Amino acid sequence: MIALLLAQTIAITGGTVYPVSGPKVADANVLIRDGRIVAVGTNVAIPSGATRIDAKGKWVTPGLIDGAGQLGLVEISVVPATREGSVQGDTIAAAFNVAEGINPASTLIPVTRIEGITTALAVPFGNLVSGQAVLIDLDGVTIEQMVVKSPVGIVADLSESGKDDAGGSRAEIAARLRQVFRDALEYERRKTDFGRAQMRPLAASAGDLEALLPVLHGRVSLIALANRRSDIETALRLAKEFRLKLILAGAAEGWEIAGAIAAAGVPVLVEPMDNIPGYDSLGIRYENAALLAKAGVTVALLETDTHQSRNLRQQAGNAVAYGMTWDQALRAVTLSPAEIFGVADRYGSLEPGKVANVVVWSGDPFEFTTGVEHVLIRGKEIPLKSRQTELFERYKKLPPTY
Amino acid sequence: MRTFIAALAALLVGCASAGRRTIAAPAPATPSAATAESTSTTRPQYPSTYVRHPNPPVVIRNATIMTATGQEIPNGSILLKDGRIVAVGTKVDAPADAVVVDGTGKYVTPGLIDDHSHLGVYAAPGTDAESDGNEATNPVTAEVWAEHSFWPQDPQIPLAIAGGITTIQALPGSANLIGGRSAILKLIPARTVQEMKFPGARSGLKMACGENPKRVYRMRGGPSTRMGNMAGYRAAFIQAELYRRKWDAWNKDHKGDPPERNLRSESLAEVLRGNMYVQNHCYRADEMAQMLDLAHEFGFKIRSFHHAVESYKIADLLAKEGTSVSVWADWWGFKEEAMDGIKQNAALNQQAGGRPIIHSDDPSGIQRLNQEAAKAMYAGQRSGIPITRDQALRWITVNPAWALGLDSIVGTLEPGKMADVVVWSGDPFSVYSKAAQVYNDGWLTYDRADPAHQPRTDFELGQMPAPGSDR
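Quick mapping for you: the protein sequence lines, in order, are chains A and B. Quick note on numbering: the first sequence equals residues 0 to 401 in numbering that gives the first Met the number 0. Quick note on numbering: the second sequence equals residues 0 to 470 in numbering that gives the first Met the number 0.
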């Protein structure tokens, strides 16, 4: 049966296709086989056995990727029993990988994917080093089926909230991270001594130091939460010192030093609709994403509220309203996050060989009066149902039948 | 109750424009106020000092005008003069001194009204110093007034103005069963909250159901259960009934000493007299039904259930009661009582003949009430509920005005109404549109094209970048 499912061929026909990797193509077909995109264009022959999805008058885009939140890791925000995104008692939780906390049966997953989000980063939070973020597709019965890449990066908190785990000063955040990074490298050089207990106490557990080594060797990204300009600069400084592959997250005041961020080649994850000032980000403003993009920074847009991950569309639309081009914004929720998370060889655009995460929209995906017509994840059409659609069906006529 | 009379009289002196407007009837009149001994009950109580900002007339021409009365007028014009809407239509004459605004390609709506805001009481930058929204020291604090917490220099205020908001209800939080009185404010730059108080508006009473009060007081003497919540409201209103009887009796002839004032019961007695609207934070359908029973027991109306994420389950019941619902477009899941939120909530209430309102409860969401209404409108349409654009506009204009008792004064574009008007760069239900101009009582409080009309709070000076600046 599984083999049969895999062999399915689907043709999305006649839509306006936004491949993201290139300009839009009118009246085009997208051919999908065995979960992968086989062909995209106006001259794509459709095999006779293919399942057809008529997209005439519709817009076809890659599935959107939300680079934030805890999809699969939280059910009800205030109920600790349903939260898996953070560990206690380990301020350097580098070895904490969230993958096995993911609940493939979470009700949030259908709620999110039926609005066009097909892939999300499940991000640990809390602590100075929060743990390892994992990229997941929003379909699958098992964790293994969902995981796209693990880990994508290790999260460190260089913002105001990180101070709690660093004695109460930003200066100590940087100092502690340096100490941890140095100790990880020393641990790597002297594992034998460590095993014989012939080393001074290290700044974190062996497991956490071990987990940081791929970061220190540039194979895994450091995802640094930083909002204040000086904190962003500290993150850039640390990245330079240790030759880290850095991703900035938040970066509320990033627009002030967009040129420096661009020059460092560091990508940024931004939540466009966030403009509420706090002492961590008095310079926060709606134009951040646009100004960063204009300076040449690779930008991915976020919706950080896990239950509202579906509003990534609204985030992107507002980024356009405040200066991004529409094409930049679409890229910032598809191909750019795929690049930033190191999966652009498989995700983020409609190109032959890529994983068939595809959405058919009734119109412009960023507009409120646009609906999702079809969602495909790994070439499988997803029923447009969720716990919320079931509630609606039950109560659309009163009294309900139970 | 004479306190209201006195306050109203002071207000009429202070605000010329308010006197001409229909103002909801105040508390029952008391005789011989002039001869009564002057006490705290007879002097003016916390009056509004709002004064309309003087402005030349403004005519907006060639725009699409969405009136929130069922009309969407292409190539329409609207004339604002002396704080009033004078004319709306395709042919509008304007005085020679009128400022002419070219509305080509633009849309005009009533000023948006958010009936659930914590601006000013939970101000930015959001430290403990600005946390003034929950007097979480007792489950019943009907005696506190949100206006006494409100900080007019909250830097979130200009952001909300730039989103087209002209009136808010600033509410106490939901930690308490009865959280206190709300403040109904014109959203304008001001030095004092008194200058913002909507002339003639009567504050509401914040009540809260469910998880929040029982979580806050579980380890502090209760309530710790939903049944404890109910007992708490009932005990408070039983006291208030007695208090009201004593005062109403004394007010008849002023014989002997007046009864001792009790601020807690004073607020609740105003609810019992029908002079103060109950604004009830309540998520679950079954709990809203309980609260309706409570209201029946004590003979008051609940004006609006706020958040009301399950109101679609009892939309028929709520429509019959005449209780509005102030809801989000799509919030859900942050706590158990919010698990059943669906995007068709507002639409289903509309379908049932109810009065939906889209509220924000959020300094970010208040900047985009139009977008939230658009989402909720389309969720209904997509599900086969024929919500009109006008209905969706009413969710953020005249319906919240009704919840505050101000629908005869604001909320639609009709001659005689207060000139609270937003000019949008395009269709307000498009994600790409923004408020281009905001008029509050005829005063241009925001102009996206003119930094001179982009108010900044004291807080922002020297620490936040000016709009459009490179810092």
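The beta-carbon is built from N, C-alpha and C at its ideal position, and this holds for glycine as well. As the structure is a computational prediction, the values presented were derived from the model and not from experiment.
The Cβ-Cβ distance between D256/B and P398/A does not fall below 9 Å. In the assembly as shown, N133/B is a buried residue. Its beta-carbon has 16 or more other beta-carbons within 10 Å. Closest by C-alpha distance to G415/B, out of A62/B, V87/B and P53/B, is V87/B. Under the Cβ criterion of 9 Å, G378/A is not counted among the residues facing chain B. Within chain B, no C-beta atom comes nearer than 8 Å to that of L127/A; the closest sits roughly 22 Å away. Taking a cut-off of 8 Å on C-beta distances, the stretch 109-129 of chain B does not touch the stretch 238-252 of chain B, as fewer than three cross pairs fall below it.
Using a Cβ distance threshold of 9 Å, G410/B and R201/B do not count as a contacting pair. Listed in chain order, the alpha helix (DSSP H) elements of length 4 or more contained wholly in the stretch 203-246 of chain A are 205-215 and 228-241. Contact with chain B is absent for Q327/A, since none of that chain's Cβ atoms lies less than 9 Å from the residue's Cβ. If you ignore the 5 residues before and after L383/A, its C-beta comes within less than 6 Å of the C-beta of I113, all in its own chain and listed in chain order.
Between G295/A and the set V267/A, V319/A, S280/A and T303/A, the nearest pair of CA atoms involves V267/A. For the options G282/A, F391/A, L281/A and V319/A, the alpha carbon positioned closest to that of K312/B is the one of F391/A. In the DSSP assignment, T15/A is bridged to W58/A.
Three or more Cβ pairs closer than 8 Å define a contact, and the stretch 314-328 of chain A meets that threshold against the stretch 270-285 of chain A. For H253/B, no pairing in a beta bridge is given by DSSP.
The alpha-carbon separation between V265/A and P212/B amounts to approximately 46 Å.
Within the model, the alpha-carbon separation for P171/B versus S168/A is close to 33 Å. For Q380/B, a Cβ of chain A is located within less than 9 Å of the residue's own Cβ. Taking the CA atoms as reference points, G379/B sits about 15 Å from E366/A.
Of the other Cβ atoms in all chains shown, 16 or more fall within 10 Å of the Cβ of D329/B; this residue is therefore buried. With contacts defined by Cβ atoms closer than 9 Å, M195/B and Y232/B do not form a contacting pair. T303/A and G221/B have their C-alpha atoms roughly 35 Å apart.
Nearest to A373/B by alpha-carbon distance, out of H280/B, R219/B, C281/B and R393/B, is R393/B. The secondary-structure analysis by DSSP pairs Y106/B across a beta bridge with T63/B and W423/B. Contiguous alpha helix (DSSP H) elements confined to the stretch 113-190 of chain A occur at 142-145 and 169-188, taking only those with 4 or more residues. For D65/A, the enclosing beta strand (DSSP E) begins and ends at L63 to D65. For W401/B, the enclosing alpha helix (DSSP H) has its first and last residue at V397 to A402. Taking the Cα positions, S20/A is about 15 Å away from I64/A. Partner residues in the beta bridge of F304/B, as assigned by DSSP, are N279/B and V324/B.
Contact of V98/B with chain A is not assigned, every C-beta pair being separated by 9 Å or more.
Comparing C-alpha distances from Y278/A to each of E252/A, L311/A and V16/A shows the shortest one belongs to E252/A. Comparing alpha-carbon positions, the option among G178/B, T456/B and I301/B lying closest to V139/B turns out to be G178/B.
Beyond the five residues adjoining it in sequence on each side, W249/B comes within less than 7 Å, by CB distance, of P257 and P258 in the same chain, given in chain order. Between the stretch 133-145 of chain A and the stretch 158-166 of chain A there are fewer than three inter-stretch CB-CB distances shorter than 8 Å, so the stretches are not counted as touching. Membership of S116/B in the beta strand (DSSP E) is indicated by the continuous run L111 to S116.
When the Cα atoms are used, E240/B and L271/B turn out to be separated by approximately 7 Å.
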